[in-house]
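Undergrad: Numbering (my numbering), first residue to last: 138 to 252. For glycine and all other residues, C-beta sits at the position ideal for the given N, C-alpha and C. Small disclaimer: the values here were computed from a predicted structure and weren't measured.
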Ligand SMILES: [Zn+2]
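1. What number of angstroms, rounded off, separates the C-alpha of residue 191 from the C-alpha of residue 246?
2. Flag this pair as touching only if the region 226-244 and the region 158-168 have three or more C-beta atom pairs under 8 Å; answer yes or no.
3. What do you reckon, is the C-beta of residue 211 under 7 Å from a heavy atom of ligand 1?
4. Pick from 249, 169, 215 and 238: whose alpha carbon is nearest that of residue 230?
5. For the region 217-235 and the region 200-207, state whether three or more C-beta atom pairs, one from each stretch, are separated by less than 8 Å.
6. DSSP three-state call for residue 157: helix, strand or coil?
7. Can you tell me whether residue 145 is helix, strand or coil according to DSSP?
8. Span of the alpha helix (DSSP H) holding residue 185?
9. Looking only at its own chain, which residues have a Cβ that is under 8 Å from the Cβ of residue 176, when we skip the five neighbours before and after it?
10. Among all the DSSP beta bridges, which residues are the ones paired with residue 201?
11. Could you check if residue 155 is buried or exposed, using at least 16 other CB atoms within 10 Å of its CB as the buried criterion?
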């Protein structure tokens with residue numbers, strides 16, 4: 138499953154960062170685009186499972202979904218693509234190109250305060 142592979146790779150990065158910081162990670166935020174969208178529940182479970190027995194066990198993972206943007210071919214407006222209203226926000230044209238999708242990113246990791 139897609140989420141399992143993603144969870145494992147994120148976990149590895151967090152563990153490395155935790156070692157560098159010499160602290161236990163408590164939470165992290167990842168962001169992803171629409172084409173490689175992640176199912177929050179599946180991801181949460183995959184991450185929890187992968188984190189078992191590591192320094193990341195019990196930490197929280199938040200997933201931010203970045204909307205897909207499109208550029209209108211008629212008026213050159215860039216707008217957030219809405220699947221329920223797939224048209225330019227300015228001129229309502231349905232001729233547009235998609236901008237590149239947001240990549241999957243590990244945005245922030247928070248560590249436990251060192252005593
Ligand atoms: Zn337009």
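TA: Once the coordinates are examined:
1. 16 Å
2. yes
3. yes
4. 215
5. The region 200-207 and the region 217-235 touch, with three or more beta-carbon pairs separated by less than 8 Å.
6. Look at residue 157 here: in three-state DSSP terms it is helix.
7. helix
8. 177-188
9. 140
10. 168
11. buried
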